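K.L.:
Protein chains in written order, with our numbering: chain A, 7 to 224; chain B, 153 to 837.
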């Protein structure tokens, strides 16, 4: 990975929407007077969400002005956290986890699909739909390999299911968030093998519903 | 006090001391890169690792751990620390090896070579051979201003520059962007730094990443002759070291003086050195038929003598310049006395106070060190950020320590610390004097500091304003009446009595048409003598004074003579000669001595030593070098009150970088000035 820089093409201005501005003011109010700089990460995050998932220079300056910080201090934060995108990303921004558990479970194949289907990392496809990036652990190791697309996790991928997922997204078809191999959340693939008297009695996994007694034996 | 044993030596240190300071107390040197006494502790270079007993069982960063953090031994023995154990040696070697992983091996072409902390410490504490086979990381160079050249591949991310611009300068120009292996030191999007102290980052940088741009590839550190001097770009009298190579002054560095400039100097003090070589007057000139032509000393003296014969004493005047040493002015004064002239003045800006008001009326009585003790500050008609950036940094440091209300009357400027702006004109000062608003704060303060600049004291009502301000400043033993001058020569001239004698004209009056027949400008470049008078300019640069002159006598700049300067707090300081003036130019006192012989009024000294003996007899405190002769605060209460005008205060400095002839001749200063003006325009938009 090379040093991150601000995008060459920059919009002329950035303004928070009234709702986001109000939200940001609520965040700033959480901190004592004179400590409003503590809200820099939420502010940048909101700016990024508002601005098609990437941070333009003007947004960094806007945040600095609102929080009364020198520009360089906000730039330091924005460049430190790789979750802040400094360049435009695709409509579907794919973050592929490549950390050890995912790698052992085949993230290399997922990356290969990205490379073939989308191209080089951090490059947006000509239709503007996709861009991708290998990232560090996203904390879903038991469903490895996995990717994060915008705000959603897609887990238990194979090269085939991932390619299909990208096709579905590109075509605007509905997709299922979560495991792509029929698994429920992070439960065993073949159904529950333990604690079946607590879980799965209704054919649905998960905690017992209110209709069922908490302790069937009683 | 806490006891600690450093390598078997028991020392008793304050408990808040860091292990590094404790080791220094014991006489043990600890290598360091990121640690700096005047900056916050970062603890990121890891070079200062030591071994401790009673602390964590691993090498400990000695800059970031206090003596009080260590536990005593089981029987209450003092904690033990080792600075040269095998563990420490190994740790240092390891740290040094990591630092050098990405540091280029370009010492032979690096300007820092020879005065590089990394080089020295690698020699002293590093391994004796390299294990690197991998490629090194390269980092893009950054533009961070006209004064600092970058070579960012050499950077070891100590963040001294980042902390300096944030804490001392208060401009927060620099930062550390990206992370880990890619982290880079830069300004915001490679804009120029905005501080008047930015040049100091080149001294702070422990490697060759930030280097003074004007001195790029000019000389090696061991080639310099080093001469202690005093800065004359403002009235603070910062202590400097003048580095010369051959005849040429190549660079100027700060010299440590805790009482004056600590270890900083302003950019004007540091980088106007190229002005010492440009626009220099290296031979006498004579105006003939409206045009200046080169002349010999004898011709020039004869022309002056011819004029002096016909001029009446009351039509002869001497105007002292802002950069003149006490000796120059003394020689001029003695000559004036011999000629019977009473028109002499060194206050080109029209400063209204003179020795008759008492010495306390024109000194920074609180002293520069006194800023640290002050507990409230009122700034009147001054912009300390431009009038003395180093002093301003000291005010900022006092503000950072907390509980220091600061108010400003006069122009609104970004002084790098928050201030309460009370108003633009004297009405605001009168309100404070009545105890309104900030007046209540000052009344409560035990040691109020009233910083008053030429913006107030050079007005027509300057004396009355001083009288009003002085009332707020004196409390018991504390005299917080602090005059911030702009001219290095000013206090020396006033101490010397280089002011109009009885019936004599002030500098301003002398410039009026018809006031004088014969005017001597002793390096006076800040005003223009109206047509009519025959003007003799004794100075160094082809600036305003020389353009108006009928005879030019080339003098010596402050690096080319030994001289006394008295700073704004009244501290007498002496400079040494670092080189000789160019061409036929001579030291100013010698010019006066030679001229006096031609005029038939031979001055009573033939050498600088004889001159100084007379000078010390006339004004004894000039002999007490590096000391402040305290002024009697009683004089302040006798200042005559008077009518106070309603006009707004105007700061005397409109362009920080171009306040004296040397700076105006400097290309580097011109570039800085253009940049600052552009920045100011941007800020106004």
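The beta-carbon is built from N, C-alpha and C at its ideal position, and this holds for glycine as well. Just so you know, these numbers come straight off a predicted model, no measurement behind them.
1) Which residues in chain B sit within 7 Å of residue 76 of chain A, going by Cβ to Cβ distance?
2) Looking at the unbroken alpha helix (DSSP H) that takes in residue 597 of chain B, where does it start and where does it end?
3) With which residues is residue 697 of chain B paired in a DSSP beta bridge?
4) Buried or exposed: which applies to residue 374 of chain B, given that a residue is buried once 16 or more other Cβ atoms fall within 10 Å of its Cβ?
5) Determine the direct distance from the alpha carbon of residue 431 of chain B to that of residue 614 of chain B, and round the result to whole angstroms.
6) Could you have a look at residue 35 of chain A and say whether DSSP puts it in helix, strand or coil?
7) What ranges does the beta strand (DSSP E) occupy inside the segment 221–291 of chain B, keeping only unbroken runs of at least 3 residues that lie completely in it?
8) Suppose the cutoff is 8 Å on Cβ atoms and the five residues either side in sequence are ignored; what does the same chain contact list for residue 832 of chain B look like?
9) Who are the Cβ neighbours of residue 573 of chain B in its own chain at under 7 Å, not counting the five residues just before and after it?
10) Could you tell me the distance, in whole angstroms, from the CA atom of residue 161 of chain B to the CA atom of residue 178 of chain B?
11) So with CB distances below 8 Å, who are the chain B contacts of residue 81 of chain A?
12) Would you tell me roughly how many angstroms separate the C-alpha atoms of residue 102 of chain A and residue 58 of chain A, rounded to the nearest one?
13) Could you spell out the range, first to last residue, of the beta strand (DSSP E) harbouring residue 671 of chain B?
14) Of all the CB atoms in chain B, is at least one closer than 8 Å to the CB of residue 9 of chain A?
15) For residue 791 of chain B and residue 622 of chain B, which I take to be in contact (beta-carbon distance under 8 Å), what is that distance rounded to the nearest angstrom?
16) Looking at the structure shown, is residue 544 of chain B part of a helix, part of a strand, or coil, going by DSSP?
17) How many angstroms separate the CA atom of residue 112 of chain A from the CA atom of residue 25 of chain A?
18) Does chain A have any CB closer than 8 Å to the CB of residue 334 of chain B?
19) In chain B, which residues lie less than 7 Å from residue 105 of chain A when you measure between Cβ atoms?
20) Compare the beta carbon distance of residue 329 of chain B and residue 67 of chain A with 8 Å and say whether it is the shorter of the two.
21) In terms of residues, what are the limits of the beta strand (DSSP E) holding residue 85 of chain A?
22) Tell me which residue opens and which closes the alpha helix (DSSP H) that residue 68 of chain A is part of.
23) Any beta-carbon of chain B closer than 8 Å to the one on residue 167 of chain A?
24) Go to residue 662 of chain B, then tell me how far its alpha helix (DSSP H) extends in each direction, as first and last residue.
25) Straight-line CA distance for residue 362 of chain B to residue 486 of chain B?
26) Contact check, residue 95 of chain A vs residue 130 of chain A under 8 Å by CB: the rounded distance?
27) Out of B/270, B/249, B/428, B/686, which has the shortest C-alpha to C-alpha gap to residue 284 of chain B?
28) Using three-state DSSP, classify residue 340 of chain B as helix, strand or coil.
29) Within the continuous alpha helix (DSSP H) that includes residue 169 of chain A, where are the two ends?
30) So which residues on chain B does residue 85 of chain A lean against when the C-beta distance must stay under 7 Å?
31) Which residues does DSSP list as the beta-bridge partners of residue 59 of chain A?
32) Kindly identify the DSSP beta-bridge partner or partners of residue 363 of chain B.
33) Checking the sheet assignment: what are the DSSP bridge partners for residue 630 of chain B?
34) Pull up the CB-CB distance for residue 540 of chain B and residue 728 of chain B, whole angstroms please, since I reckon it's below 8 Å.
35) Taking 8 Å as the cut-off, decide whether the C-beta atoms of residue 242 of chain A and residue 65 of chain A are in contact.
P.N.:
A quick look at the data gives this:
1) The residue labelled residue 76 of chain A in the question sits at position 70 within the first chain. Simply 324.
2) On the second chain, residue 597 of chain B is found 445 positions in, with the first residue counted as 1. Counting along the chain, residue 597 of chain B falls outside any alpha helix (DSSP H), and DSSP gives it neither H nor E.
3) Residue 697 of chain B sits at position 545 when you count from the first residue of the second chain. The beta-bridge partner set that DSSP reports for residue 697 of chain B is empty.
4) On the second chain, position 222 is the one that residue 374 of chain B refers to. Its Cβ having fewer than 16 others within 10 Å, residue 374 of chain B is exposed.
5) As a first step, residue 614 of chain B must be located in the second chain, where it is residue number 462. As a first step, residue 431 of chain B must be located in the second chain, where it is residue number 279. Taking the straight line from one Cα to the other gives about 35 Å.
6) For the purposes of this step, residue 35 of chain A is taken as the residue at position 29 of the first chain. Reduced to three states, the DSSP call for residue 35 of chain A is coil.
7) Counting whole runs of 3 or more residues, the segment 221–291 of chain B contains the beta strand (DSSP E) stretches 232–234.
8) Here the question's residue 832 of chain B lines up with position 680 in the second chain. Excluding residues within five positions, none has a Cβ falling inside 8 Å.
9) Reading the second chain from its first residue, position 421 is the one you call residue 573 of chain B. In its chain, beyond the 5 residues on either side, 560, 564 have a beta carbon closer than 7 Å to the beta carbon of residue 573 of chain B.
10) Along the second chain, read from residue 1 onward, the residue named residue 161 of chain B stands at position 9. Along the second chain, read from residue 1 onward, the residue named residue 178 of chain B stands at position 26. Answer to the nearest angstrom: the Cα atoms are 7 Å apart.
11) Here the question's residue 81 of chain A lines up with position 75 in the first chain. Within chain B, 327, 329, 340, 341 have C-beta atoms less than 8 Å from the C-beta of residue 81 of chain A, given in sequence order.
12) Position 96 of the first chain, counted from the start, is the residue given in the question as residue 102 of chain A. Position 52 of the first chain, counted from the start, is the residue given in the question as residue 58 of chain A. When rounded, the distance between both Cα atoms is 19 Å.
13) By one-based count along the second chain, residue 671 of chain B stands at place 519. Bounds of the beta strand (DSSP E) holding residue 671 of chain B are 670–674.
14) Numbered from its first residue, the first chain carries residue 9 of chain A at position 3. Closer than 8 Å to some Cβ of chain B, the Cβ of residue 9 of chain A qualifies, so yes.
15) In the second chain, the residue the question calls residue 791 of chain B occupies position 639. In the second chain, the residue the question calls residue 622 of chain B occupies position 470. The C-beta distance from residue 791 of chain B to residue 622 of chain B rounds to 6 Å, short enough to fall under 8 Å.
16) The residue you call residue 544 of chain B lines up with position 392 of the second chain. The three-state secondary structure of residue 544 of chain B, taken from DSSP, is helix.
17) Position 106 of the first chain, counted from the start, is the residue given in the question as residue 112 of chain A. Position 19 of the first chain, counted from the start, is the residue given in the question as residue 25 of chain A. Those two C-alpha atoms are separated by around 42 Å.
18) Your numbering for residue 334 of chain B matches position 182 in the second chain. True, the Cβ-Cβ gap to chain A drops below 8 Å.
19) Residue 105 of chain A sits at position 99 when you count from the first residue of the first chain. For residue 105 of chain A, no chain B residue has a C-beta closer than 7 Å to its own C-beta; the minimum C-beta separation is roughly 16 Å.
20) Numbered from 1 along the second chain, position 177 holds the residue referred to as residue 329 of chain B. Numbered from 1 along the first chain, position 61 holds the residue referred to as residue 67 of chain A. For residue 329 of chain B and residue 67 of chain A, no; Cβs fall outside 8 Å.
21) Position 79 of the first chain holds residue 85 of chain A. Counting along the chain, residue 85 of chain A falls outside any beta strand (DSSP E), though it belongs to the alpha helix (DSSP H) covering 77–86.
22) One-based indexing of the first chain puts residue 68 of chain A at position 62. Run containing residue 68 of chain A: 63–73, per the alpha helix (DSSP H) assignment.
23) Here residue 167 of chain A refers to the residue found at position 161 of the first chain. With 8 Å as the cut-off, residue 167 of chain A does not count as an interface residue toward chain B.
24) As a first step, residue 662 of chain B is located in the second chain; it is residue number 510 there, counting from the start. Start and end: 659–663.
25) By one-based count along the second chain, residue 362 of chain B stands at place 210. By one-based count along the second chain, residue 486 of chain B stands at place 334. The alpha-carbon atoms of residue 362 of chain B and residue 486 of chain B are separated by roughly 48 Å.
26) By one-based count along the first chain, residue 95 of chain A stands at place 89. By one-based count along the first chain, residue 130 of chain A stands at place 124. About 7 Å separates the two Cβ atoms, so the contact holds.
27) Here residue 284 of chain B corresponds to residue number 132 of the second chain, with the count starting at 1. For residue 284 of chain B, the closest of B/270, B/249, B/428, B/686 by C-alpha to C-alpha distance is B/249.
28) Here residue 340 of chain B refers to the residue found at position 188 when the second chain is read from its first residue. The three-state reading of DSSP puts residue 340 of chain B in helix, counting H, G and I together.
29) What you label residue 169 of chain A is simply residue 163 of the first chain in a count that begins at 1. Annotation for residue 169 of chain A: the continuous alpha helix (DSSP H) segment containing it runs 165–177.
30) On the first chain, position 79 is the one that residue 85 of chain A refers to. Simply 329, 330.
31) Within the first chain, the letter at position 53 stands for residue 59 of chain A. According to DSSP, residue pairing for residue 59 of chain A in a beta bridge does not occur.
32) Taking the second chain and counting its residues from 1, the one referred to as residue 363 of chain B is at position 211. According to DSSP, which records beta bridges pairwise, residue 363 of chain B is partnered with B/301.
33) The residue labelled residue 630 of chain B in the question sits at position 478 within the second chain. In DSSP, residue 630 of chain B forms a bridge with B/627.
34) As a working mapping, residue 540 of chain B is identified with position 388 in the second chain. As a working mapping, residue 728 of chain B is identified with position 576 in the second chain. For a cut-off of 8 Å, the C-beta gap from residue 540 of chain B to residue 728 of chain B is around 23 Å, too long to register as a contact.
35) Nothing in the structure corresponds to residue 242 of chain A, since chain A is present only between 7 and 224.
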